[in-house]
Amino acid sequence: MITGIPQVRRISVPARGAVSSPGVASVSENFGDGLSLNALPNQASRQRLSSLAGLSESLMGAPAPGHAHEEPNTASTVNQLSPQELDRERRRYSHIYDSLRTGQPQTFRNSRGEQVTYALRANRDQGDYRNYTLQIGRNQVEVNLANRVDEATALGRISDYYSLQPEQLRGAVETIKVEMGANPRNSYWEKEYGMPGFQSAAVGGGGRITVFGGLPQLKERTFHHEFGHNIGNAVRIAQDRESRRAGTLSSDRALDRQTGDADSPNLPRGHSAARQADGRSVTSYGDRSIAEDFAEFYEEYLLAKGRGNNAVQQLKRNFPNRFALLEREVLSRRLSR
């Protein structure tokens with residue numbers, strides 16, 4: 020059974036003066052001189068950074084076979100980070116180097132202003148990827164960075180965005196990977212979504228998030244969206260398990276085919292009916308499929324939480340049925356793989 024699909028994200032027009040191919044995300048990053056190599060945690064990390072410019076881009080291979088169905092998110096065409104921008108990001112996330120150097124938990128304030136304590140461990144490199152284990156509270160996630168992706172900035176952003184997920188839902192994702200190259204399955208999603216020149220910013224499903232194009236595509240909105248695909252998938256698996264125990268799995272899946280929930284394994288059972296009852300779109304991108312609608316709604320929910328209770332209540336008024344399902348079938352659970 021397919022239980023998790025990769026999904027893609029919106030496409031935007033490049034900023035004035037940006038240099039890139041039409042519809043293609045930037046896949047390279049500059050490395051400014053704002054951080055001394057000697058400030059890096061160990062000799063291996065210093066060697067990594069000093070040799071980054073000479074490394075070739077790493078491309079993601081074909082998706083792993085099995086049960087995972089990942090769903091994509093469209094890429095924005097953005098320019099690479101300037102040396103000044105990268106330097107600011109490194110300084111903002113300097114606690115990452117402290118964590119890797121000392122091996123001790125570190126504390127920072129995330130984008131929501133919450134104080135977060137985390138532990139980060141560098142593991143043995145896996146081919147062209149640097150491998151880490153990030154732990155926040157009782158949750159752990161494996162992080163893989165292609166060699167040309169800036170270490171402090173990527174790990175800092177991932178730590179921040181991961182901490183914004185509801186604590187009980189973080190177990191829906193086991194692995195996060197940041198690639199420098201493009202999604203090799205872009206042509207498939209171009210046909211699937213009917214979007215000529217479509218480029219994936221990221222894909223998510225089956226416990227995995229993969230970001231393509233390096234730091235320019237590692238954004239809060241994209242991260243929330245892909246996390247949403249994984250949450251929808253994990254909830255659906257839990258619902259199927261409950262239906263099997265109750266002896267109602269066959270009838271529940273028959274109902275899925277009637278309502279449209281059977282169109283994707285990456286959403287909670289009942290979301291199609293909730294969308295129909297609300298009678299309005301979350302976003303135009305969400306209109307492309309029921310799975311995208313759920314991921315877009317989850318993304319909007321987290322962004323509303325960041326703006327405060329009034330924004331959350333406004334979202335609830337705008338989409339009462341989706342919101343009720345989110346509270347009843349998603350936020351009430353503790354997810355794991």
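Each number in my numbering comes from the position in the sequence shown (counting from 1) with 19 added on.
Even glycine gets a Cβ: it sits at the ideal position worked out from N, Cα and C.
| Item | Value |
| --- | --- |
| Contact under 8 Å by Cβ, G2 with V197 | Residue numbering for the chain in the displayed model covers 20 to 356; residue 2 lies beyond these limits and cannot be assessed. |
| Assigned secondary structure, S303 (DSSP; H/G/I helix, E/B strand, else coil) | coil |
| Distance, D117 Cα to L268 Cα | 50 Å |
| Sequence-distant residues of its chain with Cβ nearer than 7 Å to N142 (five each side left out) | N150, Y151, T152 |
| Residue-chain proximity (D106, chain B), Cβ-Cβ < 8 Å | You won't find chain B in this structure, because it holds only one protein chain. |
| Validate contact between the stretch 232 to 247 and the stretch 316 to 330 using beta carbons, cut 8 Å, 3 pairs | yes |
| DSSP three-state assignment for S219, whether helix, strand or coil | strand |
| Contiguous alpha helix (DSSP H) assignments of at least 4 residues, all confined to the stretch 96 to 180 | 102 to 111, 114 to 121 |
| Coil, strand or helix - R294 by DSSP | helix |
| Helix, strand or coil at K238 according to DSSP, with G and I counted as helix | coil |
| Reduced DSSP secondary structure (H/G/I, E/B, other) of T194 | strand |
| Endpoints, alpha helix (DSSP H) assigned at V331 | 328 to 337 |
| With 16 other Cβ atoms within 10 Å as the buried cut-off, status of A165 | buried |
| DSSP-derived helix/strand/coil call for T229 | strand |
| With 16 other Cβ atoms within 10 Å as the buried cut-off, status of T229 | buried |
| Boundaries of the alpha helix (DSSP H) in which L268 is found, first to last residue | 268 to 278 |
| Which of helix, strand or coil DSSP assigns to A310 | helix |
| Cβ neighbour criterion (16 or more within 10 Å) applied to P215 | exposed |
| Rounded separation between R352 and F342 - CA only | 15 Å |
| Alpha-carbon to alpha-carbon, T302 and G156 | 33 Å |
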